[in-house]
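A.B. asks:
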Amino acid sequence: MESAIKLEHIYRSFKTHFWQKRKLVLEDINLEVFQGEVFGFLGPNGAGKTTTIKLITGLLKPDSGKISIFGMPRDSLKAKQLIGYLPESPYFYDHLTGYEFLKVHALLGNCKDYEKKVYEQLEKVGLKSAANLQLRKYSRGMLQRIGIAQALITDPELIILDEPLTGLDPIGRKEIKDLILEQKQQGKTIFFSSHILPDAEVICDRIGIIINGKILKVGELKQLLKKGIKTDEISLEDWFVKQVKEKDA
Amino acid sequence: MHRIRAIVENTFKESLRQRILNLLIIFAILLIVVSIFLEPFAIGESPKILRDFGLAVSSIFGVLIVIIIGSSLIHKDIEKRTIYTVIAKPVKRGEIIVGKFLGLFFLIAVLETGMTIIHQIIIFIYEGAFDPHLLIALPFSLLEVMVLLGILLLFSSFSSSTMASIMGIIFFIIGHGSPDLKLFADQSKVVLLKYIAYVFYYILPNLENFNLRIELVYKLPVHHDQILFSLCYGLIYTILLLYVATIIFEKREFK
Ligand SMILES: Nc1ncnc2c1ncn2[C@@H]1O[C@H](COP(=O)(O)OP(=O)(O)OP(=O)(O)O)[C@@H](O)[C@H]1O
Ligand SMILES: [Mg+2]
Chain E
1 MESAIKLEHI
11 YRSFKTHFWQ
21 KRKLVLEDIN
31 LEVFQGEVFG
41 FLGPNGAGKT
51 TTIKLITGLL
61 KPDSGKISIF
71 GMPRDSLKAK
81 QLIGYLPESP
91 YFYDHLTGYE
101 FLKVHALLGN
111 CKDYEKKVYE
121 QLEKVGLKSA
131 ANLQLRKYSR
141 GMLQRIGIAQ
151 ALITDPELII
161 LDEPLTGLDP
171 IGRKEIKDLI
181 LEQKQQGKTI
191 FFSSHILPDA
201 EVICDRIGII
211 INGKILKVGE
221 LKQLLKKGIK
231 TDEISLEDWF
241 VKQVKEKDA
Chain B
250 MHRIRAIVEN
260 TFKESLRQRI
270 LNLLIIFAIL
280 LIVVSIFLEP
290 FAIGESPKIL
300 RDFGLAVSSI
310 FGVLIVIIIG
320 SSLIHKDIEK
330 RTIYTVIAKP
340 VKRGEIIVGK
350 FLGLFFLIAV
360 LETGMTIIHQ
370 IIIFIYEGAF
380 DPHLLIALPF
390 SLLEVMVLLG
400 ILLLFSSFSS
410 STMASIMGII
420 FFIIGHGSPD
430 LKLFADQSKV
440 VLLKYIAYVF
450 YYILPNLENF
460 NLRIELVYKL
470 PVHHDQILFS
480 LCYGLIYTIL
490 LLYVATIIFE
500 KREFK
């Protein structure tokens, strides 16, 4: 299978204060996401999910290691053309209307016939009636949906979503999950982060678990579940607390 | 091209919707209008104040917009994280810099043109005739705006917006003191100091190249050579600034 994302020996550290030592946030991350799959990137708060995603989308650079997108270096324009990205708790230009916002991103994404694309996306995420409303008047759920629309507007092969389900009500979550599955049906690759297992269970083919900047497990959800992670009541954080405590003991 | 256009449009709209802009516009127009009432107090041959004042206001107005809005062009996007989705698109960092530059530049060009028209109307009201001779000040003032905006973007590409503003002001002051710097270099007896002064004189922008107020107010001739030189100087200087800003911005991370 062709890989959509390949991370090889990724290290990344941050300086918290300038007199302090750099803190290692990602340690030897190796991860491969295959074309056409829905991959859930799971881990507790502060595990390094967002940092990993920012490295993939070019917002950050790794200290060392290699990142490829469909075999291309991740910062090439060609690779970027294939990516759609929804940041974590996104903030958008408040003063733009939904239409204007999508238009900017369609043009930045080299869309031909941007007008058609914009209306298509607005329709798809159910914001057609809010097209001429300024984004500052959007609700949280609407913002998340317009964020997804800007990610999908270039019809990308690889869709990277950082906590797309957080902060949404059950209906909103259902809509986004359906949208992800619809993209999968079209053969797209989806990589998304979350720290709530039930979300992942419904839509993921495979999951990767990251904790304290290290990949703990990667595999098919079903197989991991057999090893005893309960998905219906226990959240990943709870499970990790248990794991970590067991490790320490 | 589409990508730069998208950023230009967005920057233009965004800057236009800033509240501070309305304030500046009202203030500038008031100042130009008020100069009518100062005219009778002018000493010597009239009507000097009307001309000097109008030219100064419209040019300082542009400079203020550059320093106030230009400093936050990049930072607001980073702070509000609106830049994340932009960076992830197949856009070159240089396109972002150039787009932001052109967006605000066009806005200032439109506004300064407006100021110039108002100025001409005031002159017409006072003297019964327009003074087309003054119009040459507009492109010169815009060249200064260009260079300053380039400086602001250069500092924005790696430092804070406050830093960018401060550097903008410092460069504005030094830039207009450039002839004095040269004079100092010419006359300095200490060789080291002399060379340092020359280095600064040639590296720092000479904004006096874009100042035609004396010539225009006293109706002295403006030579073609001077126009051509200022034009090339402004363009080349700005392109260099944007080029360096791009190189720095390419290394920038978004934490
Ligand atoms: N800019 C930064 N400067 C310093 N430390 C940072 C920075 N960004 C992230 N970190 C640290 O890196 C670690 C991983 O953060 P990251 O945001 O990647 O976690 P996450 O898995 O996305 O968490 P969450 O589920 O809360 O979103 C955290 O310990 C965080 O404090
Ligand atoms: Mg995160």
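Chains as they are written, first to last, in this note's numbering: chain E, 1 to 249; chain B, 250 to 504. We put the CB at the ideal spot given by N, CA and C, even for glycine. Since this is a predicted model, take the numbers as computed values, not measurements.
1. With burial defined as no fewer than 16 other Cβ atoms inside 10 Å of the residue's Cβ, what is the status of B:Phe310: buried or exposed?
2. Could you tell me which of E:Phe18, E:Lys61, E:Gly40 sits nearest to E:Leu26, measuring between CA atoms?
3. Could you name the residues of the region 259–280 of chain B whose beta carbon sits closer than 8 Å to any beta carbon of chain E, in the order they occur along the chain?
4. Is E:Thr50 close to ligand 2? I mean its beta-carbon at under 6 Å from any heavy atom of the ligand.
5. Kindly indicate which three-state DSSP category E:Thr154 falls into: helix, strand or coil?
6. Find the residues of chain E that neighbour B:Ile336, judging by a C-beta separation of less than 8 Å, and give them in chain order.
7. Any beta-carbon of chain E closer than 7 Å to the one on B:Phe355?
8. Assign E:Arg22 to one of three DSSP states: helix, strand, or coil.
9. How long is the line joining the alpha carbons of E:Arg140 and B:Thr334, rounded to whole angstroms?
10. Determine, using beta carbons only, whether B:Ile346 and B:Ala494 come nearer to each other than 7 Å.
11. Starting from E:Ala106, trace the alpha helix (DSSP H) in both directions and tell me its first and last residue.
12. Going by Cα to Cα distance, which pick from B:Leu384, B:Gln369, B:Ile419 is closest to B:Gly377?
13. For E:Leu168, which residues in the same chain have their Cβ closer than 7 Å to its Cβ, ignoring the five residues on either side in sequence?
14. Would the region 383–401 of chain B and the region 458–466 of chain B be scored as touching if the rule is three or more Cβ pairs under 8 Å?
15. Classify E:Gly71: buried if its beta carbon has 16 or more other beta carbons within 10 angstroms, exposed otherwise.
16. By alpha-carbon positions, which one of B:Leu265, B:Glu502, B:Ile385, B:Met416 ends up nearest to B:Leu480?
17. Looking at the secondary structure, which residues open and close the alpha helix (DSSP H) in which B:Ala378 lies?
18. What does B:Val340 touch in chain E if you count any residue whose Cβ is under 7 Å from its own?
19. Beta-carbon within less than 8 Å of E:Thr97's beta-carbon, same chain only, minus the 5 sequence neighbours each way: which residues are those?
20. Would E:Val125 count as contacting chain B if we go by Cβ distances under 7 Å?
21. For the region 149–157 of chain E against the region 73–88 of chain E, do three or more pairs of beta-carbon atoms, one drawn from each stretch, fall closer than 8 Å, so that the two count as touching?
22. Ordered along the chain, which non-local residues of its own chain (more than five positions away) have a Cβ less than 6 Å from that of E:His9?
23. If we cut at 7 Å on Cβ distances, does E:Val104 have a partner in chain B?
24. When the Cα atoms are used, what is the spatial distance from B:Pro428 to B:Glu464?
25. Could you please give the first and the last residue of the uninterrupted beta strand (DSSP E) stretch that includes E:Lys214?
26. Going by beta carbon distance, what residues of the same chain come within less than 7 Å of E:Cys111, once the five residues before and after it are set aside?
27. Just grab the DSSP bridge partners of E:Met72 for me.
28. For ligand 1, is there a heavy atom less than 6 Å away from the beta-carbon of E:Val218?
29. Would you say the beta carbon of E:Glu175 is closer than 6 Å to some non-hydrogen atom of ligand 2?
30. Given this structure, state the Cα-to-Cα distance separating B:Val466 from B:Pro454, to the nearest angstrom.
31. Is the region 392–400 of chain B touching the region 347–364 of chain B in the sense that three or more CB pairs, one from each, lie closer than 8 Å?
32. From the DSSP output, in three-state form, read off E:Lys49 for me.
33. Can you tell me whether DSSP reads E:Val250 as helix, strand or coil?
34. Can you give, in chain order, each stretch of the beta strand (DSSP E) that sits fully within the region 117–162 of chain E and has at least 3 residues?
35. Assuming contact is defined by CB atoms lying nearer than 7 Å, are E:Asp205 and E:Val33 in contact in what I supplied?
36. May I ask whether a heavy atom of ligand 1 can be found less than 6 Å away from the beta carbon of E:Ala47?
C.D. replies: Short version:
1. The residue you call residue 310 of chain B lines up with position 61 of the second sequence. Buried, by the Cβ-count rule.
2. For the purposes of this step, residue 26 of chain E is taken as the residue at position 26 of the first sequence. The candidate whose alpha carbon is nearest that of E:Leu26 is E:Lys61.
3. From the region 259–280 of chain B, only Asn259, Lys262, Glu263, Arg266 have a Cβ closer than 8 Å to chain E.
4. Along the first sequence, read from residue 1 onward, the residue named residue 50 of chain E stands at position 50. At least one heavy atom of ligand 2 is nearer than 6 Å to the Cβ of E:Thr50, so yes.
5. Start at 1 with the first residue of the first sequence, and residue 154 of chain E comes out as number 154. Three-state DSSP puts E:Thr154 in coil, outside helix and strand.
6. Sequence index remark: in the second sequence, residue 336 of chain B carries index 87 (1-based). The contacting residues are Thr57, Gly58, Leu59.
7. To locate residue 355 of chain B, count along the second sequence from 1; it is residue 106. No, B:Phe355 lies away from the interface with chain E (no Cβ there is under 7 Å from its Cβ).
8. Mapped onto the first sequence, residue 22 of chain E falls at position 22. Residue state, collapsed to three classes: coil.
9. Locating residue 140 of chain E in the first sequence gives position 140, counting from the first residue. Locating residue 334 of chain B in the second sequence gives position 85, counting from the first residue. For E:Arg140 and B:Thr334, the distance between alpha carbons rounds to 17 Å.
10. If you number the second sequence from 1, residue 346 of chain B lands on position 97. If you number the second sequence from 1, residue 494 of chain B lands on position 245. Cβ distance < 7 Å, so B:Ile346 and B:Ala494 count as in contact.
11. Within the first sequence, residue 106 of chain E is the residue found at index 106, counting from 1. Looking at the DSSP string, the run of the alpha helix (DSSP H) that includes E:Ala106 is 98–108.
12. Looking up residue 377 of chain B in the second sequence gives position 128. That would be B:Gln369, whose Cα lies nearest to the Cα of B:Gly377.
13. Indexing the first sequence from 1 puts residue 168 of chain E at position 168. Excluding sequence neighbours, E:Leu168 sits near Gly141, Gln144, Ile176.
14. Taking a cut-off of 8 Å for Cβ pairs, the region 383–401 of chain B and the region 458–466 of chain B touch, as three or more such pairs fall below it.
15. Residue mapping note: residue 71 of chain E aligns to position 71 of the first sequence, counting from 1. Counting Cβ neighbours within 10 Å, E:Gly71 comes out exposed, since fewer than 16 surround it.
16. Residue numbering aside, residue 480 of chain B sits at position 231 when the second sequence is read from its first letter. B:Leu480 has its Cα closest to that of B:Ile385, out of B:Leu265, B:Glu502, B:Ile385, B:Met416.
17. Here residue 378 of chain B refers to the residue found at position 129 of the second sequence. Run containing B:Ala378: none; DSSP gives neither H nor E here.
18. Along the second sequence, read from residue 1 onward, the residue named residue 340 of chain B stands at position 91. Taking a Cβ-Cβ cut-off of 7 Å, the neighbours of B:Val340 in chain E comprise Leu108, given in sequence order.
19. Here residue 97 of chain E corresponds to residue number 97 of the first sequence, with the count starting at 1. If the five residues before and after E:Thr97 are omitted, its C-beta is found closer than 8 Å to the C-beta atoms of Ala131, Asn132, Leu133, Gln134, Leu135, all from its own chain and listed in chain order.
20. Position 125 of the first sequence, counting from 1, holds the residue named residue 125 of chain E. No - not a single Cβ of chain B is within 7 Å of the one on E:Val125.
21. yes
22. Locating residue 9 of chain E in the first sequence gives position 9, where the first residue counts as 1. Closer than 6 Å at the Cβ level, and outside the excluded window around E:His9, lie Asp28, Gly65.
23. For the purposes of this step, residue 104 of chain E is identified with residue 104 of the first sequence, where counting begins at 1. Chain B contact via Cβ: present.
24. Here residue 428 of chain B corresponds to residue number 179 of the second sequence, with the count starting at 1. Here residue 464 of chain B corresponds to residue number 215 of the second sequence, with the count starting at 1. Answer to the nearest angstrom: the Cα atoms are 16 Å apart.
25. Locating residue 214 of chain E in the first sequence gives position 214, counting from the first residue. Its beta strand (DSSP E) spans residues 214–220.
26. In the first sequence, the residue the question calls residue 111 of chain E occupies position 111. So the qualifying residues of the chain are Lys117, Ile153, Thr154.
27. Along the first sequence, one-based indexing puts residue 72 of chain E at 72. Answer is E:Ile69.
28. The count along the first sequence starts at 1 and reaches residue 218 of chain E at position 218. The answer is no for E:Val218.
29. The count along the first sequence starts at 1 and reaches residue 175 of chain E at position 175. No; taking the cut-off as 6 Å, the Cβ of E:Glu175 has no heavy atom of ligand 2 nearer than that.
30. The residue labelled residue 466 of chain B in the question sits at position 217 within the second sequence. The residue labelled residue 454 of chain B in the question sits at position 205 within the second sequence. Take the alpha-carbon of B:Val466 and the one of B:Pro454: they are about 24 Å apart.
31. With the cut-off at 8 Å, the region 347–364 of chain B and the region 392–400 of chain B touch.
32. Residue 49 of chain E sits at position 49 when you count from the first residue of the first sequence. Note: E:Lys49 maps to helix in three-state DSSP.
33. Given a span of 1 to 249 for chain E in the structure shown, any question on residue 250 of chain E remains unanswerable.
34. 158–162
35. Stepping through the first sequence from its first residue, residue 205 of chain E is reached at position 205. Stepping through the first sequence from its first residue, residue 33 of chain E is reached at position 33. No, the pair does not count as a contact, with Cβ atoms beyond the cut-off.
36. The residue you call residue 47 of chain E lines up with position 47 of the first sequence. Under cutoff, so the answer is yes.
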